[in-house]
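Down below is the structure, laid out as C-alpha cells.
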Amino acid sequence: MGRTSDARERLIEAGCELMHERGYTAVGVSDVCSTAGVKKGSFYHFFPSKVDLALDIIERQALEMESALEEMVSGDKPPLERLTGYADKLSHMQAEQQESCGKVLGCPIGNLALEISTQQPKLSERLRRVFDHTMHSFAEVVREAIERGDLPTQDPRRAGRSILALLEGHIMLAKINNDAGMLQGAGKEILAFLGRQTPAED
245 MGRTSDARER LIEAGCELMH ERGYTAVGVS DVCSTAGVKK GSFYHFFPSK
295 VDLALDIIER QALEMESALE EMVSGDKPPL ERLTGYADKL SHMQAEQQES
345 CGKVLGCPIG NLALEISTQQ PKLSERLRRV FDHTMHSFAE VVREAIERGD
395 LPTQDPRRAG RSILALLEGH IMLAKINNDA GMLQGAGKEI LAFLGRQTPA
445 ED
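Counting in our numbering, the sequence shown runs from 245 upward without gaps.
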C-alpha cells in the first residue's frame with residue numbers, strides 16, 4: 245500500500261528527471277513508468293495523458309524556482325547584489341549538473357519551451373506564465389535598484405525581459421557547448437547592461 249500511495253509522486257519525479265535530460269518528445273509513458281516503478285495502468289489513473297504529467301512537472305519546477313525568485317525579490321541584501329546572487333545560483337546549479345551526470349542539462353523550463361512551444365498549446369501557456377512571473381520578479385528588483393539610485397532611470401519591465409533573455413541565452417549556450425563555465429560572469433554582464441558595473445557597496 246505504501247508504494248501505491250506515493251506512485252503519483254514517483255511518476256512526477258521520474259518525469260522531471262527524464263524530460264530534463266532527454267526532452268519531452270523522447271520520453272514516453274513507458275519510460276516514466278519504468279523509472280518510477282509504476283505500472284502503466286496506474287499512470288493513466290493519475291494522468292490522462294503525457295501532457296497532463298508535463299503540466300504537473302512544470303508546476304513542480306515553477307515551485308522550485310519560486311523559492312529562489314522570492315529570495316531575490318525580498319532578501320535583505322541590496323537589490324543588485326541579490327540579482328547577481330541569483331545569476332550565480334544558476335551558474336552553480338548547471339555546474340553541479342555537469343559534474344553529477346557529465347553534461348550540462350540546461351534550464352528545464354527553457355528546454356520545454358524551445359521544444360514544444362508550437363506543438364502543445366496547454367503546455368505553452370503554462371510555460372509562458374512561468375516566464376512572465378520570472379520577468380516580473382527581475383523587474384521588481386530593477387525597480388528597487390532605480391529607486392535607491394543604484395541604477396539609471398529605465399523601464400523595469402523591459403529590463404526584466406532582457407535579463408531573462410540574457411540568462412536563458414547563456415544557459416542554452418552552456419548546454420550546446422557542454423560547458424557550465426559559460427555562465428560564469430553572467431551577473432556582471434547583467435549589471436553592465438543595466439548601467440552599473442559592480443554591485444552597490446553598502
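Don't be surprised by glycine CBs; every beta carbon is placed ideally from N, CA and C.
message: Using only the alpha-carbon positions, how far apart do residue 446 and residue 395 sit?
response: Any reading at residue 446 must be qualified, since the residue scores a pLDDT of 43, below 50, and its modelled position is unreliable; no value is offered.
query: Just checking, does the region 338-350 make contact with the region 362-372 on the three C-beta pairs under 8 Å criterion?
result: no
- prompt: Distance, Cα to Cα, residue 335 vs residue 351?
  reply: 11 Å
- prompt: Less than 9 Å separating the beta-carbons of residue 267 and residue 298?
  reply: no
query: Counting Cβ pairs, one atom from each stretch, are 3 or more of them under 8 Å apart for the region 369-387 and the region 270-288?
result: no
- prompt: In chain order, what residues of the same chain have a beta carbon less than 6 Å from the beta carbon of residue 319, not counting five sequence neighbours either side?
  reply: 326
- prompt: Would you call residue 288 buried or exposed, if buried means 16 or more other Cβ atoms sit within 10 Å of its Cβ?
  reply: exposed
- request: Determine the DSSP secondary structure at residue 349, reduced to helix, strand or coil.
  value: coil
message: I believe residue 380 touches residue 354 by the beta-carbon criterion, under 8 Å. Please report the beta-carbon distance rounded to the nearest angstrom.
response: Not confirmed; about 17 Å, so no contact.
task: State yes or no: is the C-beta of residue 382 within less than 9 Å of the C-beta of residue 420?
output: no
task: Within the same chain, show all residues whose beta-carbon is closer than 7 Å to that of residue 295, passing over the 5 residues directly before and after it, in chain order.
output: 364, 366 and 367
field: Chain-order list of residues whose beta-carbon lies under 8 Å from that of residue 313 (same chain, five-residue window excluded)
entry: 330, 377, 378 and 381
- request: Would you list, in sequence order, the uninterrupted alpha helix (DSSP H) runs of no fewer than 4 residues that lie entirely inside the region 351-412?
  value: 352-360 and 365-392
message: Please tell me whether residue 276 and residue 255 are closer than 9 Å, where the distance is taken between their beta carbons.
response: yes
query: For residue 430, which option in 273, 392 and 413 has the closest C-alpha, if you only look at C-alpha atoms?
result: 413
- request: Taking only the alpha-carbon atoms, compute the straight-line gap between residue 278 and residue 271 and give it to the nearest angstrom.
  value: 11 Å
- prompt: Which residue comes first and which comes last in the alpha helix (DSSP H) that contains residue 279?
  reply: 273-280
query: Is residue 300 near the ligand ADP, judged by its Cβ being under 8 Å from some heavy atom?
result: Ligands are entirely absent from the displayed structure, and the ligand ADP is therefore not among its contents.
query: Around the Cβ of residue 292, are there at least 16 other Cβ atoms within 10 angstroms (buried) or fewer (exposed)?
result: exposed
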